[in-house]
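Reading through the structure tokens given below for one structure.
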Ligand SMILES: [Zn+2]
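In structure tokens form, the structure reads like this:
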């Protein structure tokens, strides 16, 4: 996945952010991932950032900052507002103490969990982040970037994988939150979103977009194809080469959409 995202950045010359969840950091090793990423970034001479996605403890955030991650998503959004504020603020101060240039992101609102395929819509996260709670949260925590709930959700429904349905965003709410906070805004759970909604969300103030599930879907589909193509092949780098290429194509096409000139904007 790292090769695919950085390969797309090298091909398109657009900046990218590579995200690794707590599970992915534990799988490869937080420090090992950072070393691999930085080596590839340097080799390919890219504008690319390494993001510690959804970090649920101070210890894990500190571990990522110490390893050299460029950004940390501090996620205490499941806690009541006041507790979310207190623990996010504490974590921002700790990671800025390690690297003052690190980008600290916080989350307020409910956008579900898991970059996976959901059989049906998750219940109970219909409430959007309000501009007032966003303003208070940014002011009280000192975060550089905010992840709001603006109609987005993590993962994709089967119908979105098949392309028969699309996610839609509340563009007006994005504008209001941008106006109330003035910080970078990150759209989590972007996979399966309508193209025009993406364009309008960017124009309204979205700066970073997460599309993990789309990449995982492409990864799995192309891996299954690659394995089926030659049942006698056992060399991982040969099986995985077309998989990297498939994921790279999805990333490149999304980067071109996100960075398209705004004159194409509809609505
Ligand atoms: Zn997310």
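In my numbering, the protein residues as written are 1005 to 1271.
Each residue gets a CB set at the ideal place from its N, CA and C atoms; glycine is no exception.
In this text the structure is predicted, and so the values were computed from the model without any measurement.
- Cβ neighbours of residue 1185 within its own chain (closer than 7 angstroms, five residues either side excluded): 1138, 1139, 1142 and 1150.
- Closer than 6 angstroms to some heavy atom of ligand 1: that does not describe the Cβ of residue 1122.
- Looking at the backbone, the Cα of residue 1096 and that of residue 1234 are separated by about 49 angstroms.
- In the DSSP assignment, the residues bridged to residue 1160 are 1121.
- In chain order, 1062, 1065, 1066 and 1069 place their CB closer than 8 angstroms to the CB of residue 1098, counting only its own chain and leaving out the 5 sequence neighbours on each side.
- Judged by the Cβ position, residue 1192 qualifies as a neighbour of ligand 1 at the 6 angstroms threshold, a heavy atom of the ligand being closer than this.
- Between the C-alpha atoms of residue 1254 and residue 1219 there is a straight-line separation of about 7 angstroms.
- One Cα belongs to residue 1161, the other to residue 1015, and the distance between them is close to 30 angstroms.
- Of the candidates 1090, 1100, 1195 and 1172, 1100 places its Cα closest to the Cα of residue 1073.
- Secondary structure of residue 1113 (DSSP, three-state): coil.
- The Cβ neighbour count for residue 1176, taken over all protein chains shown within 10 Å, is under 16; the residue is labelled exposed.
- Residue pairing by DSSP places residue 1023 opposite 1055 in a beta bridge.
- For residue 1152, the secondary structure class from DSSP, reduced to helix, strand or coil, is strand.
- Bridge partners of residue 1259 according to DSSP: none are assigned.
- At a threshold of 6 angstroms, residue 1172 does not count as near ligand 1, since its beta carbon sits no closer than that to any of the ligand's heavy atoms.
- Where residue 1006 is concerned, the enclosing alpha helix (DSSP H) starts and stops at 1006–1016.
- In terms of Cβ geometry, residue 1226 and residue 1250 form a close pair [threshold 7 angstroms].
- Contact annotation: residue 1157 and residue 1210 have beta-carbon atoms that are not nearer than 7 angstroms.
- In the displayed model, residue 1247 falls within a helix according to three-state DSSP.
- For residue 1188, the three-state secondary structure derived from DSSP is strand.
- Taking a C-beta distance under 7 angstroms as the contact criterion, residue 1181 and residue 1135 qualify as a contact pair.
- Straight-line spacing of the CA atoms in residue 1094 and residue 1146 works out to 10 angstroms.
- With a cutoff of 6 angstroms, residue 1143 does not count as near ligand 1, since its C-beta is closer than that to no heavy atom of the ligand.
- Assigned with DSSP and collapsed to three states, residue 1171 falls in strand.
- Out of 1033, 1054 and 1266, the CA that lies nearest to the CA of residue 1042 is found in 1054.
- In terms of Cβ geometry, residue 1110 and residue 1078 form a close pair [threshold 7 angstroms].
- Placement of the Cβ of residue 1017 at a distance of 6 angstroms or more from every heavy atom of ligand 1 is found.
- Between residue 1199 and residue 1172, the C-beta spacing is not below 7 angstroms.
- Of the heavy atoms belonging to ligand 1, none sits nearer than 6 angstroms to the Cβ of residue 1060.
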